[in-house]
Amino acid sequence: MTEEDLNHNSDSSDVEDVGGGLFNEPDDWKPKTPPPTFASHTLSLSPNSSITVRLIGKSPLWGHLLWNASRVTCDYIESTAKSLVEGKSVIEFGAGAGLPSLVCAGLGGKTVVITDYPDPDLIQNIEYNKLHSLASVDDDEASLQNEDGTRKVVLPKSSTIHCTGYIWGAPSDPLLEISPGGYDLCILSDLLFNHSQHEALLNSVKFTLAKPDGVALVFFTPHRPWLYEKDLNFFNIVRESGELEVEQVVDKILDKVMLEEPRGDQSLLLKVFGYKITWKK
């Protein structure tokens with residue numbers, strides 16, 4: 549999902565080699581990559597409809613997981629689709645499987661661009677989801693049915709989806725070639741744990757967010773609760789830029805923790821926080 553390992557922190561230490569090399573793998577040995585998995589998301593306002601995405605088997609960039617923040621982002625997008633999505637241009641950074649982007653496309657986003665770090669496995673998987681997660685308006689009734697009894701979300705003919713690799717903070721010219729006026733909606737879902745990339749993320753938002761009415765959604769869970777304040781520092785950087793405003797729009801408590809972490813305030817692991825960023829008027 550990002551360029552930095554989620555579990556890396558200053559408290560980590562090397563593991564002592566107690567086997568004297570006995571259990572070392574041969575230099576030419578490489579473990580097999582786990583097979584892809586699939587995850588489904590049921591639309592909150594249309595409980596008979598769902599989107600299934602493929603997740604890569606394993607990734608140091610965390611694209612092999614469908615994060616809770618991604619699902620909550622989708623719920624918020626549904627509730628605001630008429631103002632934020634329908635007929636609008638949308639871009640998602642660090643998209644992983646691209647679920648929020650796919651929801652936007654299904655809800656009538658005119659141009660939807662799904663980006664992640666330019667790792668071939670990640671981008672190929674996003675392309676797979678672009679082709680398979682949404683139904684076509686020309687599909688027959690049988691093709692619209694999911695195995696769980698729900699219906700597939702149909703991609704409107706007015707919507708187009710693009711997939712591309714993009715490194716945060718890099719020149720945005722290729723992205724603006726797709727949507728020359730910038731993007732009405734920018735999506736950042738569960739990216740704030742990557743503290744070293746906050747400036748780059750902000751620059752990407754500033755490069756691509758349409759003026760004067762563009763909206764950026766930033767949703768996240770504090771997966772390392774003891775570093776929650778560092779997660780929040782992203783919004784300090786946004787405010788200090790002097791060009792953008794920040795408003796909290798979601799504070800959701802989940803039913804269960806996605807990743808166990810014994811350190812810090814455990815209640816934060818059950819939370820998804822959502823913020824809206826807009827240009828100052």
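Using the working numbering, count along the sequence shown one by one with no gaps and you end on 829. A virtual CB, placed ideally from N, CA and C, is assigned to each residue, including glycine.
Pull up the distance between the alpha-carbon of valine 601 and that of aspartate 669, whole angstroms please. Numbered from 1 along the sequence shown, position 53 holds the residue referred to as residue 601. Numbered from 1 along the sequence shown, position 121 holds the residue referred to as residue 669. Each residue's Cα considered, the two are about 15 Å apart.
For asparagine 742, which option in Ala764, Trp716 and Cys734 has the closest C-alpha, if you only look at C-alpha atoms? On the sequence shown, residue 742 is found 194 positions in, with the first residue counted as 1. Closest by C-alpha distance to asparagine 742, out of Ala764, Trp716 and Cys734, is Trp716.
Should the stretch 674–684 be regarded as contacting the stretch 638–656, the criterion being three or more beta carbon pairs within less than 8 Å? Segments in contact, yes.
For a minimum of 3 consecutive residues, which ranges assigned as the beta strand (DSSP E) are wholly contained in the stretch 764–812? Runs found: 792–801.
Three-state secondary structure assigned by DSSP to tyrosine 676: For the purposes of this step, residue 676 is taken as residue 128 along the sequence shown, with counting starting at 1. In this structure, tyrosine 676 counts as helix in the three-state DSSP scheme.
From the DSSP output, read off the bridge partner residues of glutamine 693. Position 145 of the sequence shown, counting from 1, holds the residue named residue 693. For glutamine 693, which the question treats as bridged, DSSP gives the partners Arg699.
Glycine 568 classed as buried or exposed, judged by whether at least 16 other C-beta atoms fall within 10 angstroms: By 1-based counting over the sequence shown, the position of residue 568 is 20. At glycine 568, the pLDDT of 45 sits below 50, so the modelled position is not reliable; the number obtained from the coordinates is stated separately. The residue is exposed, with fewer than 16 neighbouring Cβ atoms inside 10 Å.
Residues near isoleucine 674 in its chain [Cβ-Cβ closer than 6 Å; skip 5 each side]: Your numbering for residue 674 matches position 126 in the sequence shown. Only Gly646, Ile662 and Cys711 meet the Cβ criterion.
Please classify leucine 757: is it buried, with 16 or more other beta-carbons within 10 angstroms of its beta-carbon, or exposed? Position 209 of the sequence shown, counted from the start, is the residue given in the question as residue 757. Label assigned to leucine 757: buried.
If proline 722 sits next to tryptophan 827, beta carbons under 8 Å apart, how far is it from one beta carbon to the other, in whole angstroms? Residue mapping note: residue 722 aligns to position 174 of the sequence shown, counting from 1. Residue mapping note: residue 827 aligns to position 279 of the sequence shown, counting from 1. With a beta-carbon spacing of about 23 Å, proline 722 and tryptophan 827 fall beyond the 8 Å limit used to define contacts.
Residue from Gly656, Ile735 and Ser684 with nearest C-alpha to isoleucine 825: What you label residue 825 is simply residue 277 of the sequence shown in a count that begins at 1. Of Gly656, Ile735 and Ser684, the residue nearest in Cα terms is Ile735.
At which residues does the alpha helix (DSSP H) containing valine 685 begin and terminate? Within the sequence shown, the letter at position 137 stands for residue 685. Looking at the DSSP string, valine 685 is not in any alpha helix (DSSP H), and its letter there is neither H nor E.
Evaluate serine 618 with the Cβ neighbour count: other Cβ atoms within 10 Å of its Cβ, from every protein chain shown; 16 or more gives buried, anything less gives exposed. Start at 1 with the first residue of the sequence shown, and residue 618 comes out as number 70. Counting every other CB atom within 10 Å of its CB across the protein chains shown gives serine 618 a total of 16 or more, marking it as buried.
Runs of alpha helix (DSSP H) wholly within the stretch 620–658 (minimum 4 residues, chain order): Qualifying alpha helix (DSSP H) stretches, in chain order: 629–632 and 647–654.
Does DSSP classify lysine 759 as helix, strand or coil? Translated into positions along the sequence shown, residue 759 becomes position 211. Note: lysine 759 maps to coil in three-state DSSP.
Just to confirm my understanding: we take leucine 603, look at its own chain, exclude 5 residues before and 5 after, and list those with CB closer than 8 Å. What are they? Residue numbering aside, residue 603 sits at position 55 when the sequence shown is read from its first letter. Excluding its 5 nearest sequence neighbours in each direction, leucine 603 has C-beta neighbours in its own chain below 8 Å: Pro584, Thr585, Phe586, Ala587, Gly611, His612, Leu613, Leu614, Gly644, Ala645 and Asn673, listed in chain order.
Would serine 691 be called buried (16 or more neighbouring beta carbons within 10 Å of its own) or exposed? On the sequence shown, residue 691 is found 143 positions in, with the first residue counted as 1. Exposed, since its Cβ has fewer than 16 Cβ neighbours within 10 Å.
I need the straight-line Cα distance from aspartate 813 to tyrosine 823, nearest angstrom please. Translated into positions along the sequence shown, residue 813 becomes position 265. Translated into positions along the sequence shown, residue 823 becomes position 275. In this structure, the straight-line span from the alpha carbon of aspartate 813 to that of tyrosine 823 is close to 21 Å.
Cα-Cα separation, alanine 718 to glutamine 745: For the purposes of this step, residue 718 is taken as residue 170 along the sequence shown, with counting starting at 1. For the purposes of this step, residue 745 is taken as residue 197 along the sequence shown, with counting starting at 1. If you take the alpha carbons of alanine 718 and glutamine 745, they lie about 12 Å apart.
Assuming valine 622 and valine 651 form a contact by the criterion Cβ under 8 Å, report the distance between their Cβ atoms to the nearest whole angstrom. Residue numbering aside, residue 622 sits at position 74 when the sequence shown is read from its first letter. Residue numbering aside, residue 651 sits at position 103 when the sequence shown is read from its first letter. One detail in the question is off: residue 622 reads as cysteine in this sequence, not valine. Yes, cysteine 622 and valine 651 are in contact; Cβ-Cβ is about 5 Å, under 8 Å.
Among Leu802, Lys700 and Phe783, which one has its Cα closest to the Cα of glutamate 795? Within the sequence shown, residue 795 is the residue found at index 247, counting from 1. For the set Leu802, Lys700 and Phe783, the Cα lying nearest the Cα of glutamate 795 is the one of Phe783.
Which first and last residues belong to the alpha helix (DSSP H) in which leucine 723 is found? Here residue 723 refers to the residue found at position 175 when the sequence shown is read from its first residue. Unbroken alpha helix (DSSP H) run through leucine 723: 721–726.
Need the endpoints of the beta strand (DSSP E) that threonine 712 sits in, please. Residue mapping note: residue 712 aligns to position 164 of the sequence shown, counting from 1. For threonine 712, the uninterrupted beta strand (DSSP E) segment begins and ends at 708–713.
Let me know the secondary structure DSSP gives alanine 587 once reduced to three states. Numbered from 1 along the sequence shown, position 39 holds the residue referred to as residue 587. In the structure shown, alanine 587 falls within a strand segment according to DSSP collapsed to helix, strand and coil.
Look at the alpha carbon of phenylalanine 641 and the alpha carbon of isoleucine 785, and state the distance between them as a whole number of angstroms. Numbered from its first residue, the sequence shown carries residue 641 at position 93. Numbered from its first residue, the sequence shown carries residue 785 at position 237. The alpha-carbon separation between phenylalanine 641 and isoleucine 785 amounts to approximately 18 Å.
Looking at the secondary structure, which residues open and close the beta strand (DSSP E) in which glycine 822 lies? Stepping through the sequence shown from its first residue, residue 822 is reached at position 274. The continuous beta strand (DSSP E) containing glycine 822 extends over residues 819–827.
Neighbourhood of threonine 698 by C-beta, 7 Å cutoff - its chain only, sequence neighbours within 5 removed: Here residue 698 refers to the residue found at position 150 of the sequence shown. If you ignore the 5 residues before and after threonine 698, its C-beta comes within less than 7 Å of the C-beta of Thr590, Asn596, Ser597 and Ser598, all in its own chain and listed in chain order.
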